[in-house]
Structures are given as structure tokens and as C-alpha cells.
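*Asks:*
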Amino acid sequence: MKLHEYQSKQIFAKYGVPIPKGRVAATAREARQIAEELGGRVVIKSQVLVGGRGKAGGIKLAKTPQEAEELATHILAMEIKGLPVRKVLVDEAANIEKEIYLGITNDRAARKPVMMCSAAGGVEIEEVARLTPEKIIKVHIDPLLGLRDYQARDIAASIDLPREHWRAFLQIAMGLWKAYQECDATLAEINPLVITGSNQLIAVDGKMLIDDNALFRHTDLAEMRDLDVEAPSEIEARKYGLSFIKLDGNIGCMVNGAGLAMTSMDIIKLFGGEPANFLDIGGGAGADKVSAAMRIILSDPNVKAILFNIFGGITRCDEVAKGILIAMDEVKPKVPMVVRLVGTNAEEGRQLLANANMITAETLADAAQKAVAAAKGG
Amino acid sequence: MSILINKNTRLVVQGITGNEGLFHTQQMMAYGTNVVAGVTPSKGGEWVLDGKIPVFDSVKIAVEATGANTSVIFVPARFSADAIFEAADSGVSFIVCITEGVPVQDMMRVRNYLDQKKVRLLGPNCPGLITPGECKVGIIPGNISIPGNVGVVSRSGTLTYEVVYALKLLGLGVSTCVGIGGDPINGTNFIDCLGMFEADPKTEKVVMIGEIGGTDEEKAAEFISNRMTKPVVSFIAGQTAPPGKRMGHAGAIVEGGSGLAADKVKALQDAGVKVAKHPEEIPLLLK
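So, in C-alpha cells, the structure goes:
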């Protein structure tokens, strides 16, 4: 789950990372009011969960409260990469002398968190990572010991940070680590960490990704989820505990197991079709879950055929068949449906569906070919 | 012979009194697995499954009383890390964690702790493993595979079932089938299993089923190229998955240009591995 900049920075601040004075606003009038309170120059920053906000014109500098209101009006009416701007952050403008990158993420291969830092921070950090990766310092953190002071000092020395800033840097690095660890983040990033004209270190921008699997112990963070970044069908699917991702094709897929669901998409493509979605109904899905899944698939008007591929293990094929029948009764689908049931209670499932006017298939390849043909109208 | 589990496996089930734990204990026993104990804190002293299996308050007590050498974990995700730590400190040498949805930072702590001990973890978020005709630990259905000489290792669950079933339909049997799980940080990886299959006299050929995300398949390709004499056939799921979207498994995500299926297929082919276009092609490539 992604957090907005203002949410991430508020969390960082709780852990002792200095951030600019500022607040979030949902209207231009509020933005003006915040600018008046802050006095001086402010930055108006769109809060949307995509990168490249600045380049899209979603971050602007305002010299007066009047200008802040005008810019906020403009930005709040924008859509950036398909996402509506619903809020702007109004921050005191920092006097930037130098920009540093500082982040922590999971290093899957090393099985440890890794802290990354570069003296070449700012919007071009991805270019730096691509062209001159040696300019990014990486230090692995033992998850049982946590970040040690000496490691943070080593990083400061490695990026040639002047010694007068080491103390402040240490506090920020340690705060970022605690925020990452205590929030179960998979990414916690400050870019840029700015050295100001008055020689202060301050986190001007922030980003956090939170491990969805850990949200059970962070109900406060779970409430911060921005539903704009997900298709309505994906939100609906999550309610039922289904793993669903909308795609652009016309063959709806309902499968049990993530690996098999991906494989079903692949094989549809292999035989010349295009999947309309990824959908894993999970292990042991009952009739109610299956019928919800079918409603979600059919809510996509592009769907011209549906492929059911169920390999029963914990999941019982007869339960899936019951769910299909319930959903057919409710939504009266007009598209052709191809069904393949194998494994636990497959025979019982097939008998239940015998009169349901569905195309049956024995093998995975057979099922995919039939679905592709059905979607093409014959 | 086989790898990791066999007739000598003495199994303790953590979370035996839960629905999943109880159901799959029955299934494992019906298959012939020697289940010797169960653990549910605060239910020590009870017996389950018609008085056949004693329940203990802790894994340590269960191991002392029954000589269990392997543990399987069915406890909810929020308690899983603790269950693994407990098993690791209790004297079993092999732990299988079936539970899905364990937080990744929990797994980093678990893995770094286990690396200091002589205990192997399989999973989490995995279907477990089966040595057909002898023993199964976890949730892989017993009737979809037959004993044989093909070693199978996979990051997936039902896709694995699909593959061993396709093998069975063509009369090909399995030495051991291991599901390593779909999480980004796990206990046992492809290379561990490939090495064990290479050393196992009963295994003559190996099937490796990978998926998008991470670079484990690329590392496996390097291992196969340098260290393996037995033929390997592979399949990679997620060839059509869009970048940035998590395909169900916490580990199945293409990020920042890495983890792509095409890169994995190429690395494997370069290592001399035959890569199937779809799962049902695997048995044909093995023949």
C-alpha cells in the first residue's frame, strides 16, 4: 500500500526527522489560509500516488497567499497520469543548497533491509541509479540488530557529507529506520533530503510503501489507503478476499491459486487471446466467494467469454460449481463460458454443471483454446 | 531415497486444533505420514482425532515426549513468525510453514535467525512437500502424483498440482515434490532443492517451476549450468503479467525492470534447460 507524501512526512516527523512546516488542503481557500499562516514563499504540491508530479506541473512555487490560492485552484482541477488531484500539500519553501537521497527498502536477494544514500539526490535519482550506480552507497542492516550508529556515520562519510551535519544526519537516518521498521514499510524514502541555506537538514519530500500483509497490526495506516489508485472492481474484490487485477483483454478468468492464474493468462495469450483479468479465488473458496468473483468479472463490458480453471486441492470443485450456478441465476450472463474442473470432487462439480450450458474442457491447453475461440464468436 | 521427508519423518503439527490444521492432519495421516504430536498453547493434555494424537502446550515439550523431528505450521499469519522461532528453538531439524500472508519484515528476522542455527525452513506461503508413496507434509493432494524418478521444485501451489498431475497422466512418477512458496523471503530456495535433487540417487530428472519477481530463477540457472549433471525442465508463470502489479503472491511482482519472465526463460535456456511453453508440455520435454 502506498502512502501520500504528506502522510509519509508526518510519520517521519514522529520519528524525529525534520520536515518543512505545512499542512494539507482540499480546497484553494484552505491553501490560501495555510500560506497566510506560514508567511513567505510556499510550495503547492499535488498529492497523487504517481511519480513525476513535478514534470506534470503538479508542484508549483507561490510567492503570495493570493498566488497560492490561484495555483491550488489550478492543481486541484488536474488529473495526473489518470489520477484526480484531491488534495494539495502547502509547505514552507526550503532554501535549497544541496539535495541528498536517503532511502530504505527490502533487499530480497540479501534477505535484509538495505539503506541507500547518494549525494546526487533529487528528481534525477533514477538516472543516477541507472548510469552511475557507484554514486549510490548501499549498507545492509541486520534485521535482528537494527541500524547501528556507526553504519549511519559510515554512510555520511561515504557521501562526503561535511562533519558539521553528521549529528543531524545520524538522527534522520535513525528516524527513517525506526519509521520503516515500526510501520512494516517495504520502502521508506526521503528524496530530497535538503541542506538549506541556513545549514539545516530537512526532508522536503517523502514516500512510504507499507506491507499489505502487515496491515493487521497497523489499523491506523490501513485507514490511510487511497482508493483512487485501484479500479473499483479491485476494491470490490478485496472485500471478498479475492486477488483480482483488471487487464485490457476480453477473456475473463477465474482460477484457484496465483501461479495457476498467471499460467492461465499466459496460455490464453499463447493461443492468440487476451485475458481480461488476473483472478485468484484462493484456497478453499466457497460458493459465495465464487459468485462474487463472477459478478466482478462480468461487470467488465469488454468480457466476451469466461474461462474457469479449477484444480481442486483444498478448494472443492463442487463448491465452485455451486457458486457458478448461484451467480448465473443472479446475473444471467450472455457470454460463453468454458469450464475445466480437476481434482477434489471434480466429478460432483461436473454433474452440477451438466445442464448449465457450459463448454467443458479436459486439459488446460484445451480449455484455453476453447475460450479463445468462444471470445472470437465461435 | 527422496529429499527432506521420508518414512522416518516424525511430524508435529503446530496449530493442530484449528480447522485447517485438523483437516490436513487427517489427510497427512491417511497418506501414511507419521504424525506424532500436535501443539496448541493452552490445550496441552487434550487428544485429537479419536484420541490418536496428543496435543502439547509447546513444541519443546512435544519434541521431548514424542521424538518429533519435523514440524508443520498451520497457525494464522500474525502468529507464524513466533511459531517458526519456537520450532527452531525446540530441536526439530526441518520446519514447514504453510501459512500465507506473513509480514515480510517478520520473515527477514526469522531467516536471519535461522541462518545462525542448524535448522531448515520450507515456506512460508507454500503447499509443503510430498514424497509419493511414503510421506506428505502440508496440503498437496495425495492422489495426483505417483512414485518415480522426477524431482519437482516450485514457487507455486496449484500450478504444481497441475504439473505433477500431467506427469502422472503420462505415467511419470515423482521422487519428491517441493513447494518452496511464493513469498519474497523464504526458508528454502531453488538452489537448495536443486542441490539436494542432484545428490539424491533416486532422482534422475528435475522439473523447476518458477514465476515472475526476484532473481531466484536466474541464480538457479547459474547453479544448473555450473553444478548439475541431471537434466532440468522448467516453466515460468507470469509471461503476460503487467509490471508493477502484484500477482497474488507477495513475491510475484515485476519491479524496476527486474523479475521479468522473459529474462528468466533466457537465463534458463542459456544454461541448457528446456523451458516449456505451457505446463502440459513439461512431460513431453522430459521424455
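Going down the list, the sequences are from chains A and B. Residue numbers are given in my numbering: position 92 of the first sequence equals residue 92, and the series is strictly consecutive. Remember, my numbering sits 1000 above the position in the second sequence when you count from 1. Built from N, CA and C at the ideal position, the CB exists for glycine as well. For clarity, every value in this text was computed on a predicted model and none was experimentally measured.
#1: Along the alpha helix (DSSP H) that carries A/Cys117, what are the first and last residues, could you check?
#2: Could you check if B/Pro1283 is buried or exposed, using at least 16 other CB atoms within 10 Å of its CB as the buried criterion?
#3: Looking at C-alpha atoms only, which residue of A/Glu348, A/Ile297 and A/Pro301 is the closest neighbour of A/Met328?
#4: Beta carbons nearer than 7 Å to chain A: which residues of the segment 1250 to 1283 of chain B have them?
#5: Name the residue from B/Ile1140, B/Gly1038, B/Leu1286 and B/Asp1263 whose alpha carbon lies nearest to the alpha carbon of B/Gly1210.
#6: For the alpha helix (DSSP H) holding B/Thr1066, just list the boundary residues, first then last.
#7: Since B/Gln1105 meets chain A, which of its residues come closer than 9 Å, beta carbon to beta carbon?
#8: Mind listing the chain A neighbours of B/Asn1008? Cutoff is C-beta to C-beta under 8 Å, in chain order.
#9: Give me the chain B residues within the contact set of A/Asn302, using Cβ-Cβ distance strictly less than 8 Å, ordered along the chain.
#10: Go to B/Arg1109, then tell me how far its alpha helix (DSSP H) extends in each direction, as first and last residue.
#11: With the cut-off set at 8 Å, would you say B/Ile1212 and B/Gly1238 are in Cβ contact?
#12: Would you mind reading off the limits of the alpha helix (DSSP H) that contains A/Tyr240?
#13: Do B/Ile1053 and B/Thr1025 have their C-beta atoms within less than 8 Å of each other?
#14: Tell whether a beta-carbon distance below 8 Å holds between B/Glu1162 and B/Pro1243.
#15: Entirely within the segment 283 to 320 of chain A and at least 4 residues each: give me those alpha helix (DSSP H) ranges in chain order.
#16: Suppose the cutoff is 6 Å on Cβ atoms and the five residues either side in sequence are ignored; what does the same chain contact list for A/Ile96 look like?
#17: Do the CB positions of A/Gly257 and A/Asp300 come within less than 8 Å of each other?
#18: Residues of chain A with a CB under 7 Å from the CB of B/Tyr1031: which are they?
#19: Are three or more beta carbon pairs between the segment 1147 to 1164 of chain B and the segment 1184 to 1201 of chain B nearer than 8 Å?
#20: Starting from B/Asn1226, trace the alpha helix (DSSP H) in both directions and tell me its first and last residue.
#21: Where does A/Arg380 fall in DSSP's three states?
#22: Skipping 5 residues on each side, what residues in its chain have a beta carbon closer than 7 Å to that of A/Ala374?
#23: Is the shortest distance between the beta-carbon of A/Asp160 and the beta-carbons of chain B less than 8 Å?
#24: Please report the distance separating the alpha-carbon of A/Ala267 from that of A/Arg153.
#25: Apply the 10 Å Cβ neighbour rule to B/Trp1047 and answer buried if 16 or more other Cβ atoms are within range, or exposed otherwise.
#26: Leaving aside the five residues before and after A/Ala13 along the sequence, list all residues of the same chain whose C-beta is less than 7 Å from its C-beta, in chain order.
#27: Helix, strand or coil for A/Asn345, going by three-state DSSP, please let me know.
#28: Determine, using beta carbons only, whether A/Thr363 comes closer than 8 Å to chain B.
#29: When the cut-off is 8 Å and only beta carbons count, does B/Gln1239 lie next to chain A?
#30: Classify A/Ala203 as helix, strand or coil using the three-state DSSP reduction.
#31: Is the Cβ of B/Lys1118 closer than 8 Å to any Cβ of chain A?
#32: Of all the options A/Ala35, A/Thr219 and A/Gln10, which has the alpha carbon lying nearest to the alpha carbon of A/Ile202?
#33: From A/Ala367, A/Ala188, A/Ala35 and A/Lys246, pick the residue whose C-alpha is nearest to that of A/Gly22; which is it?
#34: Check for me: the beta strand (DSSP E) holding B/Ser1071 runs from which residue to which?
#35: Would a C-beta distance cut-off of 8 Å place B/Cys1177 and B/Ile1140 closer than the cut-off?
#36: Rounded to whole angstroms, what is the Cα-Cα separation between B/Ile1253 and A/Asp211?
*Replies:* Working from what's here:
#1: Unbroken run through A/Cys117 is the beta strand (DSSP E), Lys112 to Ser118; no alpha helix (DSSP H).
#2: buried
#3: A/Ile297
#4: Ala1250, Ala1252, Lys1277, His1278, Pro1279 and Glu1280
#5: B/Asp1263
#6: Val1059 to Thr1066
#7: Asn106, Pro113, Pro143, Tyr180, Gln181, Asp184, Ala185, Thr186, Asp211 and Ala214
#8: Going along chain A, no residue has its Cβ under 8 Å from B/Asn1008, so there is no contact; the nearest lies around 26 Å.
#9: Result: empty, since nearest Cβ-Cβ is about 16 Å, beyond 8 Å.
#10: Val1104 to Leu1114
#11: yes
#12: Counting along the chain, A/Tyr240 falls outside any alpha helix (DSSP H), and DSSP gives it neither H nor E.
#13: yes
#14: no
#15: 287 to 298
#16: Val194
#17: no
#18: Those do not exist, as B/Tyr1031 stays about 13 Å from chain A at its closest Cβ, beyond 7 Å.
#19: yes
#20: Asp1216 to Arg1227
#21: It is not possible to answer for residue 380 of chain A, since the shown part of chain A is limited to 1 through 378.
#22: Ala305, Pro336, Val338 and Ile359
#23: no
#24: According to the sequence as given, residue 267 of chain A is Ile; it is not Ala. Whole-angstrom Cα-Cα distance: 52 Å.
#25: exposed
#26: Ile19
#27: coil
#28: yes
#29: yes
#30: strand
#31: no
#32: A/Gln10
#33: A/Ala35
#34: Thr1070 to Ile1073
#35: yes
#36: 13 Å
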